[in-house]
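If you read the sequence shown in this note's numbering, its first letter stands for residue 55, the second for the next number, and so on.
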Amino acid sequence: MMLALPAAPPTVVPATPTASSSYQAAPITAFHEHPAQMRTLYDLEEMATLTLQVYGRDLDQWQPIVATPRPDGEGYYILSGHRRRMARLFADALLLWRSETAVDEAESVTLEEVCEFLTVVVQTYEFLDVGAEALAAENPERSLPFVLFEGDEKAQILALQRANYGIATPDRLGIAHSFQQALEAGAMIAEIARNAGQPASYVSQHLALNQVPQELAEQVADGQLPLSVAVAVAAVTSTDKRHGLALYILSCAPDYPTAAVIQQVARTLKRWAGPQLPLEFASQAARNLARCLVRLWQQVVAAYPAQAWAIACAFMTQGAPYDQPWTDHRTTYHWLARLGGERYVGEAGEIHWALVTEELLSEVHCEQCPIAQLPTPPLQSDLARGTADVVGRPCRTPAGAAVTRCLNGFAPQDPFLVQVPWAWADHPGVVRQGSRYVAASFAALEQAWQAQAAAEAAEAADDCPLEESANSTATTVTGSWGADSAPQPPRSPIQRMRQQIADFVQRHATMDTDHPYATPCNRCQHQLTHSPTQNPAVPHCAWASRLRNVSFHALIATEGPERRPIPVCRQFAPQDRWRDLIPHQGPTSALPAGTTRPWLHQQLLALVADASAASRGQEPFEWLTGRPMNATERSDEWFATQLNEQIGELSDAQLWQLFLWATAEWQRHKRSHRAFLLPMAGGQLIALQAVVWPTTPAPARTDDLPSPSLDP
């Protein structure tokens, strides 16, 4: 429908002007909204009430419309009376609307009728102010009385703001816009606050709405988020970071983060420039993985800055190591998934490492990598890292994948430090670094490789195959956890050793390999993809390459025969970090009252040191630390070394679990050949006894088991 204004008689200008100015008149279309207008929203019922008043008694002379000339000379800006002008337009149109409807014009106009009329205006023009301007354009000859305001831009804006307080509450976006106009006109924040009768913090908080993206400002204005969120976001000086933080907040709707969380993220964003490559890495694979993740970040932040910073904000709120995402496998996966999408990760949770290295690891190439310069074919015990693809070292693996680079490769300027197999521990050029063995230069690596090649050649000359018969498995085993057998004893010590290893490899998979204390071959650094000698019958274990002292046992529950035994290989060297081996029991950030991480750290070192002093050839927590392949080498400090290296990666819950286990380990080593209590999930204590492989377990004595004291 089209709404039009009826022709109106000439406006009567009062003979007595106001004290400071005289009345003037101008066409109603000559009046415009001031750029600093504080209202952007109009309540329909409030406008209906004002329209009804104007309809009944016209504009009050004691409250004139105040306007000032526009700088371009085209009409006037309204300083006071913007809503009254709209009400005058609606009142005139209401008269025509009533004549076109079935309403009895003799009846008095009601508020409900005005609301119905304004609803038609909104349905026609969508917004009340747009409808008012359309109605004004229908009758441009309609004049309006006003009082002329004289003053500079700053005085105009302050006068406008004074007029908007105390009569009707303006919306937050309108307040923010008007305050910004006053600020740009030269007013100080304190001056704006005094003029509006508000504290300075009120002005500062509303000014922040002008510095954040419009969609976020609207959420704050609607009361979905507190003003403090806008203040926190506006404090981020970088435009890209600010937009990224706003995008992250909006993506969380309706479950927005708390204001405290947003404020912390904003503080972090202000000082964080994105992930940076550190100077040192624990391994070359870690360095190359960091290169990939940093390069992916750089590509995304350059192409889609707001989206990249929004993703970074998500990592910050989740407690992930956003500054070094390569230090945590879960964070690595989500970093590739969020920034790279389906290109780098699959639906089943796998990472497409071939694409990751090919597209993001340009520094490394096989033609320039020193590892690729070693002689071929690879040795039985070589530098392969467990797989034949880019995650391992394809060039040092039989039938390795044809690739141009891998995660373990070296760039020309990289510092050279290569971890070598434990079987190389005694070779020249190899040094021990904590609980691992390394070659610190390519010359040292070549020297160690030559020594290993000579050792394998000598072993091949003296080697004899294992007997291929049903009697070549293990010594006699009886009991509920092993099948009975009666093999013939092997002829030589090395055959007996290899037969022990083969027996464990064959039978341990039927036991409880999921228990944290279990040492399955598929999680061990010593597991090989092939025989360590030229004899294919030798078990695929680095310890089987030559005669060594090996030991196996099982942990048997002294109560509850339904529990499967836990297989333990004392040669076990875990592939994973402690954070992946120690389970979480309870909340990840919860410690019992009265305990702290430094206290737990101190107690762990003390418990393990005391248990180590009481041990008889077996160190505590060998399943976490590994043990040296050379029987003459000490490993009593390996736990302390690795704990100091990795404690920062453990959650509070994992650290507490490790402390409970350390108490059990201390009890175990202090009470040799006796059952010990191992804390399990839910606080349950299970009595276990170590039984030498593969002897029948002896009856357990549990009547005098002490309860470990856990008091700090």
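Think of the CB as a built atom: it goes at the ideal place given N, C-alpha and C, for glycine as much as any other residue. None of the values given here were measured: they were computed from a predicted structure.
Buried or exposed for residue i, going by 16 or more other Cβ atoms inside 10 Å?
| i | result |
| --- | --- |
| residue 140 | buried |
| residue 475 | buried |
| residue 241 | buried |
| residue 746 | exposed |
| residue 166 | exposed |
| residue 546 | exposed |
| residue 309 | exposed |
| residue 91 | buried |
| residue 586 | buried |
| residue 295 | buried |
| residue 416 | exposed |
| residue 653 | exposed |
| residue 381 | buried |
| residue 583 | exposed |
| residue 374 | buried |
| residue 503 | buried |
| residue 616 | exposed |
| residue 386 | buried |
| residue 513 | buried |
Across which residues does DSSP place residue i in a beta bridge pair?
| i | result |
| --- | --- |
| residue 130 | 85, 123 |
| residue 620 | 609 |
| residue 571 | BP columns for residue 571 are empty, so no partner. |
| residue 490 | 487 |
| residue 581 | 595 |
| residue 16 | The requested residue 16 is not part of the displayed model; the chain covers only 55 to 766. |
| residue 628 | 578 |
| residue 405 | 399 |
Could you have a look at residue i and say whether DSSP puts it in helix, strand or coil?
| i | result |
| --- | --- |
| residue 98 | helix |
| residue 237 | helix |
| residue 520 | Because the pLDDT of residue 520 is 43, which lies under 50, any placement of that residue in the model is unreliable, and the question is left without a value. |
| residue 472 | strand |
| residue 78 | strand |
| residue 399 | strand |
| residue 329 | coil |
| residue 636 | coil |
| residue 109 | helix |
| residue 460 | coil |
| residue 171 | helix |
| residue 675 | coil |
| residue 116 | coil |
| residue 423 | coil |
| residue 680 | coil |
| residue 536 | In this prediction, residue 536 has a pLDDT of 48, which is less than 50 and means its spatial position is unreliable; nothing more can be read from the coordinates. |
| residue 437 | coil |
| residue 589 | coil |
| residue 355 | helix |
By the DSSP assignment, the beta strand (DSSP E) with residue i in it spans what residues?
| i | result |
| --- | --- |
| residue 730 | 730-733 |
Just to confirm the assignment, what range does the alpha helix (DSSP H) spanning residue i have?
| i | result |
| --- | --- |
| residue 744 | Careful: residue 744 lies outside any alpha helix (DSSP H), inside the beta strand (DSSP E) at 739-746. |
| residue 201 | Segment 197-202 is the beta strand (DSSP E) holding residue 201; no alpha helix (DSSP H) there. |
| residue 154 | 136-154 |
| residue 359 | 359-371 |
| residue 721 | 706-724 |
| residue 191 | 182-192 |
| residue 337 | Note, residue 337: premise wrong, no alpha helix (DSSP H); not H, not E. |
| residue 380 | Careful: residue 380 lies outside any alpha helix (DSSP H) and carries neither H nor E. |
| residue 262 | 254-262 |
| residue 664 | 651-668 |
| residue 281 | 281-288 |
| residue 248 | 243-250 |
| residue 305 | 293-305 |
Below 7 Å, is the gap between the Cβ of residue i and the nearest heavy atom of the ligand FMN?
| i | result |
| --- | --- |
| residue 393 | Among the ligands in the structure shown, none appear at all, so the ligand FMN cannot be discussed. |
| For the 8 Å Cβ check, are there 3 or more pairs between the segment 669-678 and the segment 593-603? | The count of Cβ pairs closer than 8 Å, one atom from the segment 669-678 and one from the segment 593-603, stays below three, leaving the stretches out of contact.
Quiz item: If we count Cβ pairs, one from each stretch, closer than 8 Å, do we get three or more for the segment 227-243 versus the segment 181-198?
Solution: Not touching, per the Cβ criterion.
Using 8 Å as the Cβ pair cut-off and three pairs as the minimum, do the segment 429-443 and the segment 607-623 touch? The segment 429-443 makes no contact with the segment 607-623, as fewer than three CB pairs between them are under 8 Å.
Report task. State whether the segment 410-430 contacts the segment 334-354, with contact taken as three or more CB pairs (one from each stretch) at a distance under 8 Å. Result -> Touching, yes, given that three or more Cβ pairs across the two stretches are closer than 8 Å.
Is the segment 315-335 touching the segment 398-408 in the sense that three or more CB pairs, one from each, lie closer than 8 Å?
-> Counting Cβ pairs under 8 Å, fewer than three are found: no touch.
- Query: Is it a yes or a no for the segment 162-178 touching the segment 209-220, going by three-plus beta-carbon pairs under 8 Å?
  - Reply: Contact between the segment 162-178 and the segment 209-220 is absent, because fewer than three Cβ pairs lie under 8 Å.
Are the segment 678-687 and the segment 618-627 in contact at 8 Å, needing three or more beta carbon pairs? Put simply, the segment 678-687 touches the segment 618-627. At least three CB pairs are less than 8 Å apart.
Are the segment 263-270 and the segment 298-305 touching by the rule of at least three beta carbon pairs closer than 8 Å?
Three or more Cβ pairs closer than 8 Å define a contact, and the segment 263-270 meets that threshold against the segment 298-305.
Exercise for review: Take every Cβ of the segment 590-597, pair it with every Cβ of the segment 698-709, and state whether three or more of those distances are shorter than 8 Å.
Suggested key: Under the Cβ criterion (8 Å, minimum of three pairs), the segment 590-597 does not count as touching the segment 698-709.
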